[in-house]
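Note sheet for the following structure.
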Amino acid sequence: MSLHPDVHITTYNDAKLAELYPEHLSLRLVQILFRHGERTPVRQRLPSAGLPLQYRMCFNAERFRAAVKMTNGWNELPYARRLEVPANTRSGSGLSTAAALPGTCLLGELTDRGRQSTFYLGERLKELYVDRLGFAKISHESELYLRASPIPRALESLQHVFSGMFPRSSLPKQFELIIHQRDWTQENLYPNEGACKRLQQLAKEYAKRAALTWNPILAGHASELLSEKYLDGKPLQVDGNPRVTGLADTINAAIGNGLDIPAEFRDKDMLKQVEAAAVEEWFGGYLADEAYRRLGAGRLLGDFRDRMVMCAGRESSLKVALYGAHDTTIGAVLASLGVFDRRWPPFSSHIAIELFEDARASSDSITGESHLVRLRYNDKVLHIPGCTEAVHGFCTLKEFNKVIDELVPEDWEAECRAKPDLSA
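Put into structure tokens, the structure is as follows:
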């Protein structure tokens, strides 16, 4: 199996595998929620740091085929993409004098390295669930469910994870690959503030709280290190320009794609403060507020629950579900379940939600003890508060459903209505 040089991948010997997957437990369903691979920054920042305003790391992304409706049916139109830059970048007007160099990426685009790392994630999943456990061998489309958010990097990452996990030669000849997507108004593969005004209010409220807590801390070592040279003399702040999350985005994108960055941006103490402040701004609300958890992660957790219940009740032949998502998705799920380590989810991070059937159980009722659930984050077993503590993090489906039931909104639209602003 190929290994990405910068990705830590756990390998299991027979003894470890038998310990994690005992003989009396049979896998029924594996759901994998993962963050997309390495990408470019979502905005151009810190030009004084010598970082490229445009990344030339998207050579693979130039290879496209469009589906075209012809008079005799459908055909493919191969084409190459070239990124164009207007002559006047400040106003955004003026004809382009020349196209950008080949391989130039769009902002927020999955890079060649990101495609590679998500493919290797798929290979890792294949090695475990297909080759070693013999579980995820697919004979029909109904055994697979694939879904991605509307953001292209999530869809492209899903395509690469799938390709690594299920090489074409391993699938039936007539297999039709189906990838599901939702309209943004119904999307739940990220915290959907745009479609939920109350969640938007809560996000702003907790961002302000994070600023009150962290701005005085960031005014110390981090600002002393960066202010004069990179921030035009301004202090680094949660709500500054750039925001602390923006700084983290630029640094993480550069490091993730193997770029050289100034020594100041590798300072360990500064990076710890920046990460902690960014985590508090984006995920602190999940740790403190039930409404935040319900609106930001509850619906997606409900989807995970419902698929497990259907499989446990023999109502579904589904074996594997793959979800192409984002760092905000991973953090929201972990924090809502009380298993967040307060570290920003790295590129290509994944949560495996495993459903087992216990052959030793006296009842096959899904409300009993016959089905167990386990969560693993980047191969680490998680122990969910509210579940009976057991070896290797197993939780009965009944207990897990109780945890999830508390987080799923009964009426998401009603709970999303904005509350009056009493601070005015």
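Under our numbering, residues 4 to 427 are what the sequence shown spells out, in order. Quick reminder that beta carbons are idealized off the backbone N, C-alpha and C, glycines included. Since the model is a prediction, treat every value here as computed from it, not as a measurement.
I'd like the list of long-range same chain contacts for Y428, defined as Cβ closer than 6 Å, with 5 residues on each side in sequence excluded.
No answer is possible for residue 428: it lies beyond the span of the chain, which begins at 4 and ends at 427.
Which same chain residues end up closer than 6 Å to F138 when comparing Cβ atoms and leaving out the 5 residues on each side of it in sequence?
Same-chain partners within the cutoff: L30, Y132.
Whole angstroms is fine: what's the gap from E144's alpha carbon to L180's?
Our two residues, E144 and L180, have alpha carbons roughly 7 Å apart in a direct line.
CB contact flag (G40, T121, <9 Å)
Result yes, Cβ atoms of G40 and T121 sit closer than 9 Å.
Could you give the distance in angstroms between the alpha-carbon of I407 and the alpha-carbon of R296?
Their backbone Cα atoms lie some 11 Å apart in a straight line.
Buried or exposed: where does S352 fall if 16 or more other Cβ atoms within 10 Å of its Cβ makes it buried?
Flag for S352 reads buried.
Simplified DSSP assignment, three categories, for A347
Looking at the sequence shown, residue 347 is not Ala but Trp. In the structure shown, W347 sits in coil (DSSP, three-state: anything other than H, G, I, E or B).
Below 8 Å, how does it come out for the region 321–335 and the region 32–50: are there three or more Cβ pairs, yes or no?
Contact between the region 321–335 and the region 32–50 is present: three or more C-beta pairs spanning the two stretches fall below 8 Å.
Can you grab the Cα-Cα spacing for the pair S5 / E130, in whole Å?
Legend: pLDDT at S5 = 34, less than 50; position of this residue unreliable, no value from coordinates given.
So, helix, strand or coil for P25, using DSSP?
Of the three classes helix, strand and coil, the one that applies to P25 here is coil, per DSSP.
Quick check: R156 and G117, are their CB atoms within less than 9 Å of each other?
With contacts defined as CB atoms closer than 9 Å, R156 and G117 qualify as a contacting pair.
In or out: F268 buried (at least 16 other Cβ within 10 Å) or exposed?
So F268 counts as buried.
By the 10 Å Cβ neighbour count, where 16 or more other Cβ atoms means buried, how is H374 classified, buried or exposed?
With 16 or more other Cβ atoms inside 10 Å of its own Cβ, H374 counts as buried.
Reduced DSSP secondary structure (H/G/I, E/B, other) of D263
Judged by DSSP in its simplified three-state form, D263 adopts coil rather than helix or strand.
Only counting the same chain, and skipping five residues up and downstream in sequence, which positions put a Cβ closer than 6 Å to that of E65?
If we look at E65 and ignore the five residues flanking it on each side, its Cβ neighbours are A83, R84.
Grab me the residues of G301's own chain with a C-beta within less than 7 Å of its C-beta, minus the 5 sequence neighbours each way, in chain order.
Contacts found: L410, V411, P412.
Segment limits, alpha helix (DSSP H) that includes E416
For E416, the uninterrupted alpha helix (DSSP H) run begins and ends at 415–418, by DSSP.
First through last residue of the beta strand (DSSP E) which encompasses W217:
Counting along the chain, W217 falls outside any beta strand (DSSP E), though it belongs to the alpha helix (DSSP H) covering 200–221.
Is DSSP giving P8 helix, strand or coil here?
Interpretation of P8 is limited by its pLDDT of 43, a score under 50 that renders its predicted location unreliable; the figure taken from the coordinates is listed afterwards. Of the three classes helix, strand and coil, the one that applies to P8 here is coil, per DSSP.
Note the first and the last residue of the continuous alpha helix (DSSP H) segment covering E233.
The identity of residue 233 in the sequence shown is Tyr, whereas the question assumes Glu. Secondary structure note for Y233: its alpha helix (DSSP H) is the uninterrupted segment 224–233.
Using only the alpha-carbon positions, how far apart do S339 and E293 sit?
Their Cα atoms are separated by approximately 8 Å.
Go through its chain and collect everything with a Cβ distance to A279's Cβ below 8 Å, but skip five positions before and after it.
Cβ neighbours of A279 beyond the five flanking positions: W217, R345.
Would you check whether the ligand PLP has a heavy atom nearer than 8 Å to the C-beta of R31?
This structure lacks the ligand PLP; in fact it carries no ligand of any kind.
Range of the contiguous alpha helix (DSSP H) that encloses P155:
Where P155 is concerned, the enclosing alpha helix (DSSP H) stretches over 155–168.
Would you list the one or two residues that DSSP bridges to I354?
Looking at the DSSP assignment, I354 forms a beta bridge with L36, Y380.
Determine, using beta carbons only, whether G106 and R171 come nearer to each other than 9 Å.
No.
According to the Cβ coordinates, are M311 and F397 closer than 9 Å?
No. Outside cutoff.
Do A364 and E357 have their C-beta atoms within less than 9 Å of each other?
E357 is positioned such that its CB atom lies no closer than 9 Å to that of A364.
With contact counted as at least three CB pairs below 8 Å, one residue from each stretch, are the region 234–241 and the region 199–217 in contact?
Result yes; three or more Cβ-Cβ pairs closer than 8 Å.
Taking buried to mean at least 16 other C-beta atoms within 10 Å of its own C-beta, is T74 buried or exposed?
Burial check for T74: the Cβ neighbour count within 10 Å stays below 16, so the residue is exposed.
Do you know offhand how far K19's Cα is from G288's?
Between the alpha carbons of K19 and G288 lies a gap of roughly 37 Å.
Do we get a CB-CB distance below 9 Å when we pair I254 with the residues of chain D?
No chain D appears in this structure, which consists of one protein chain only.
Helix, strand or coil at N255 according to DSSP, with G and I counted as helix
Three-state DSSP puts N255 in a helix.
CA-CA distance, V10 and I354?
Unreliable placement is indicated for V10, whose pLDDT of 46 sits below 50; the coordinate value is still reported in the next sentence. I354 has its alpha-carbon roughly 16 Å from the corresponding atom of V10.
Proximity winner among V33, D17, D272, relative to E26 (alpha-carbon distances)
Measuring from the Cα of E26, the nearest candidate turns out to be D17.
With 16 other Cβ atoms within 10 Å as the buried cut-off, status of W285
Classified as buried, W285 has 16 or more neighbouring CB atoms from the shown chains inside 10 Å of its CB.
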